[in-house]
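Novice: Before I ask anything, here is the structure I am working with.
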DNA sequence: AGGATTATACTTGTATACAAGTATTCATGT
DNA sequence: ACATGAATACTTGTATACAAGTATAATCCT
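Protein chains in written order, with my numbering: chain A, 1 to 241; chain B, 1 to 241.
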């Protein structure tokens with residue numbers, strides 16, 4: 001790949017195939033509107049651009065189709081991208097998942113889980129202390145993923161896994177943007193995660209719902225403008241740590 | 001493809017590529033345990049068996065991996081298959097989806113939806129009257145899909161779409177099995193669908209929940225033994241209308 | 001005989017070649 | 001000038017070829 005890469009390398013385990021890298025790179029380019037909506041991509045064109053053959057490109061496009069980011073027609077892949085409605089809907093699903101999960105966690109106590117969550121939260125604090133926004137984003141997702149994995153529900157996990165990559169991009173971009181505009185937001189995000197741990201530890205279901213709900217509000221509402229304002233999105237794209 | 005095909009042709013629109021056909025065929029073979037769990041499939045082996053090249057096979061396996069039916073390792077694809085826990089979990093998700101959807105339907109009245117549901121229900125009755133179990137199954141799924149699609153929630157639809165093919169197989173197999181063992185089950189399934197329509201039309205949320213819940217119970221519990229008993233599964237596989 | 005090492009037959013990932021179909025363009029006929 | 005049709009340059013879907021890696025089997029050495 002020749003051009004500047006938007007997706008951070010460290011999130012790609014070195015064993016990943018070219019196809020998987022392509023997916024990550026194309027995904028964030030589409031979501032950040034570096035590849036504009038309704039543009040048409042062809043396998044050959046992308047293959048040429050990234051100096052690879054059609055095989056991994058084809059693979060990548062299939063994945064992006066399943067994530068709803070492109071529509072594969074007979075004549076090229078049409079870029080759908082992400083709308084504000086999509087983002088709302090994604091958080092609908094996330095709320096569904098997390099409500100389901102915490103519902104099950106109320107009846108099973110699990111100290112190991114709480115410990116791991118505290119560990120990740122500490123890491124989030126460190127990350128933000130040193131201005132490592134990408135790492136912060138990654139750990140944020142990991143925090144929630146740990147909770148979801150804790151109930152051992154394969155199908156819920158699959159739904160999460162389908163959503164995860166897109167959400168990762170959304171969070172990554174919004175956090176990068178914040179880091180230049182609303183740095184104090186991070187404190188509130190951290191507080192929210194404390195609240196989640198608190199709710200899980202006391203098994204207070206109302207507190208739990210409140211914590212998740214306000215977490216979504218925090219993560220999402222504050223940067224609504226990001227998704228419609230091209231200038232702001234450019235800032236988020238051009239972030240380089 | 002040379003051997004007997006388990007997946008009914010008519011559900012494959014003729015425009016489908018070889019890869020998509022392969023997916024459907026492999027999926028039902030895995031779920032019906034015609035391909036046993038923990039067996040190892042290689043791209044070359046399947047390609048040879050179905051007289052196609054590796055390209056469509058590779059594509060098919062990737063899809064099956066996303067559905068959790070196989071695990072793609074460095075050395076062949078290991079068949080995971082479906083466990084009873086998986087089935088329970090799938091119906092967890094389905095309940096989540098349908099509860100979410102009907103929650104939204106309570107505030108928006110939609111006569112066109114009800115009409116379409118009645119139409120499909122009539123078709124289900126005809127199908128079963130003439131002993132067309134596959135068509136009955138297909139219409140059953142369509143019934144629920146229509147409801148889900150009615151709220152115009154892209155992400156919910158994507159979750160449904162991810163689940164749909166596997167569920168289609170589960171329903172297809174269980175219905176085939178019923179048709180030889182518990183034919184009267186179909187009447188109760190029809191009644192349940194009447195109940196759903198009734199609940200939707202009166203906007204009775206309790207009735208709605210009850211209808212969906214008992215529908216799941218009906219669809220699922222009665223044939224639990226199917227998924228553990230190889231003989232029964234063979235019957236369901238060998239169904240030929 | 002038994003353990004290490006080379007050979008071999010597999011596996012996937014990627015590149016390339018070919019076939020079939022579609023949109024565009026350009027020429028041609030009136 | 002304009003509609004019609006043939007040529008061309010694209011597109012995807014599939015098949016095949018090659019490279020790199022891995023497990024199994026055979027061989028060799030002690």
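Heads up, the beta-carbon is just placed ideally off N, CA and C, and yes, glycines get one too. What you are looking at is a predicted structure, and each value in this text was computed from that prediction instead of being measured.
For the stretch 100 to 116 of chain A, which residues have a beta carbon sitting closer than 7 angstroms to at least one beta carbon of chain B?
Specialist: So the list reads 100, given in the order they occur along the chain.
Novice: Please compile the residues from chain B whose C-beta is within a distance smaller than 7 angstroms of the C-beta of residue 68/A.
Specialist: The sequence position of residue 68/A within the first chain is 68, counting from 1. Result: 154, 158.
Novice: Please confirm whether residue 89/B has its beta-carbon closer than 8 angstroms to some beta-carbon of chain A.
Specialist: Position 89 of the second chain holds residue 89/B. Chain A, which has a Cβ nearer than 8 angstroms to the Cβ of residue 89/B, makes this yes.
Novice: Would you give the residue range spanned by the alpha helix (DSSP H) that residue 176/A belongs to?
Specialist: The count along the first chain starts at 1 and reaches residue 176/A at position 176. First-last of the alpha helix (DSSP H) with residue 176/A: 154 to 181.
Novice: Nearest by alpha-carbon distance to residue 189/A: which of 155/A, 236/A, 124/A, 166/A is it?
Specialist: By 1-based counting over the first chain, the position of residue 189/A is 189. Checked all of 155/A, 236/A, 124/A, 166/A; the closest Cα to residue 189/A is 124/A.
Novice: Step through the CB atoms of chain B and report whether any lies within less than 8 angstroms of the CB of residue 45/A.
Specialist: Here residue 45/A refers to the residue found at position 45 when the first chain is read from its first residue. It does not; no Cβ of chain B falls within 8 angstroms.
Novice: Could you compute how far the alpha carbon of residue 111/A sits from the alpha carbon of residue 20/A?
Specialist: Within the first chain, residue 111/A is the residue found at index 111, counting from 1. Within the first chain, residue 20/A is the residue found at index 20, counting from 1. So the alpha carbons of these two residues sit roughly 35 angstroms apart.
Novice: If we define contact as Cβ-Cβ less than 8 angstroms, is residue 78/B a contact residue for chain A?
Specialist: Reading the second chain from its first residue, position 78 is the one you call residue 78/B. False, the Cβ-Cβ gap to chain A never drops below 8 angstroms.
Novice: Is it true that the CB of residue 97/A sits closer than 8 angstroms to the CB of residue 40/A?
Specialist: Residue numbering aside, residue 40/A sits at position 40 when the first chain is read from its first letter. Residue numbering aside, residue 97/A sits at position 97 when the first chain is read from its first letter. No; because the gap between Cβ atoms is not below 8 angstroms, this pair is not in contact.
Novice: Which of helix, strand or coil does DSSP assign to residue 6/B?
Specialist: Here residue 6/B refers to the residue found at position 6 when the second chain is read from its first residue. Here residue 6/B sits in coil by DSSP.
Novice: Per the contact definition of three or more C-beta pairs closer than 8 angstroms, is the stretch 189 to 209 of chain B in contact with the stretch 119 to 136 of chain B?
Specialist: Verdict: yes, contact present.
Novice: Using the three-state DSSP reduction, which class does residue 107/B fall into: helix, strand or coil?
Specialist: Along the second chain, read from residue 1 onward, the residue named residue 107/B stands at position 107. Correct three-state label for residue 107/B: coil.
Novice: Along chain B, which residues have their Cβ under 9 angstroms away from the Cβ of residue 244/A?
Specialist: Here chain A has residues from 1 to 241 only, and residue 244/A is not among them.
Novice: Could you name the residues of the same chain whose beta carbon sits closer than 8 angstroms to that of residue 114/A, not counting the 5 residues immediately before and after it, in chain order?
Specialist: The residue given as residue 114/A occupies position 114 in the first chain. So the qualifying residues of the chain are 197, 200, 201.
Novice: Within 10 Å of its beta-carbon, does residue 62/A have 16 or more other beta-carbons around it, so buried, or fewer, so exposed?
Specialist: Counting from one through the first chain, the residue named residue 62/A turns up at place 62. Answer is buried; the Cβ neighbour count reaches 16.
Novice: On the three-state DSSP scale, how would you describe residue 120/B?
Specialist: Within the second chain, the letter at position 120 stands for residue 120/B. Residue state, collapsed to three classes: helix.
Novice: Quick one: Cα of residue 69/A to Cα of residue 231/B, how far?
Specialist: The residue labelled residue 69/A in the question sits at position 69 within the first chain. The residue labelled residue 231/B in the question sits at position 231 within the second chain. Going from the Cα of residue 69/A to the Cα of residue 231/B covers about 44 angstroms.
Novice: What's the gap between the Cα of residue 10/B and the Cα of residue 166/B?
Specialist: Against the second chain, residue 10/B aligns to sequence position 10. Against the second chain, residue 166/B aligns to sequence position 166. C-alpha separation (whole angstroms): 17 angstroms.
Novice: How would you list, in chain order, the residues of chain B whose beta-carbon sits under 7 angstroms from the beta-carbon of residue 96/A?
Specialist: For the purposes of this step, residue 96/A is identified with residue 96 of the first chain, where counting begins at 1. Going along chain B in sequence order, the residues near residue 96/A (Cβ under 7 angstroms) are 96, 100.
Novice: Checking 8 angstroms against the spacing of the C-beta atoms, do residue 81/A and residue 45/A come in under that value?
Specialist: Sequence index remark: in the first chain, residue 81/A carries index 81 (1-based). Sequence index remark: in the first chain, residue 45/A carries index 45 (1-based). No. Outside cutoff.
Novice: Taking all protein chains shown into account, do 16 or more other C-beta atoms lie within 10 angstroms of the C-beta of residue 140/A, making it buried, or fewer, making it exposed?
Specialist: As a position in the first chain, residue 140/A is number 140, starting the count at 1. Buried, by the Cβ-count rule.
Novice: For residue 127/A, which residues does DSSP report across the bridge?
Specialist: The residue given as residue 127/A occupies position 127 in the first chain. Answer by DSSP bridge pairing: none, since residue 127/A is not bridged.
Novice: Does DSSP put residue 46/A in a helix, in a strand, or in coil?
Specialist: The sequence position of residue 46/A within the first chain is 46, counting from 1. It is helical.
Novice: When we look at the beta-carbon of residue 106/B and count the other beta-carbons within 10 Å, is it buried (16 or more) or exposed?
Specialist: By 1-based counting over the second chain, the position of residue 106/B is 106. Result: exposed.
Novice: Check the Cβ-Cβ distances between residue 209/A and every residue of chain B, and say whether any is below 8 angstroms.
Specialist: Along the first chain, one-based indexing puts residue 209/A at 209. No, residue 209/A does not count as interfacial toward chain B.
Novice: Indicate whether residue 178/A and residue 187/A have their beta-carbon atoms separated by less than 8 angstroms.
Specialist: By one-based count along the first chain, residue 178/A stands at place 178. By one-based count along the first chain, residue 187/A stands at place 187. No, Cβ-Cβ distance for residue 178/A and residue 187/A is not below 8 angstroms.
Novice: What residues of chain B sit near residue 162/A, judged by a beta carbon separation below 9 angstroms?
Specialist: For this step, residue 162/A is matched to residue 162 along the first chain. Correct list: 66, 158, 159, 162.
Novice: Kindly list, in the order they appear in chain B, the residues whose Cβ is closer than 9 angstroms to that of residue 86/A.
Specialist: Walking along the first chain from the start, residue 86/A turns up at place 86. The answer, in chain order, is 154, 155.
Novice: Pull up the distance between the alpha-carbon of residue 267/B and that of residue 207/B, whole angstroms please.
Specialist: What the structure shows of chain B is the stretch from 1 to 241, and residue 267/B is not part of that stretch, so it cannot be assessed.
Novice: Can the beta-carbon of residue 171/A be found less than 8 angstroms from the beta-carbon of residue 137/A?
Specialist: In the first chain, counting from the first residue as 1, residue 171/A sits at position 171. In the first chain, counting from the first residue as 1, residue 137/A sits at position 137. Cβ distance < 8 angstroms, so residue 171/A and residue 137/A count as in contact.
Novice: Terminal residues of the continuous beta strand (DSSP E) containing residue 190/B?
Specialist: In the second chain, counting from the first residue as 1, residue 190/B sits at position 190. From DSSP, residue 190/B is part of no beta strand (DSSP E) but of the alpha helix (DSSP H) over 185 to 202.
Novice: Span of the beta strand (DSSP E) holding residue 70/B?
Specialist: If you number the second chain from 1, residue 70/B lands on position 70. Run containing residue 70/B: 70 to 72, per the beta strand (DSSP E) assignment.
Novice: Between residue 66/B and residue 66/A, which are expected to be in contact by the criterion C-beta below 8 angstroms, what is the C-beta distance as a whole number of angstroms?
Specialist: Against the second chain, residue 66/B aligns to sequence position 66. Against the first chain, residue 66/A aligns to sequence position 66. So it is a contact: roughly 7 angstroms between Cβ atoms.
Novice: If you draw a straight line from the alpha carbon of residue 101/A to that of residue 4/B, how long is it in whole angstroms?
Specialist: Along the first chain, read from residue 1 onward, the residue named residue 101/A stands at position 101. Along the second chain, read from residue 1 onward, the residue named residue 4/B stands at position 4. Each residue's alpha carbon lies about 42 angstroms from the other.
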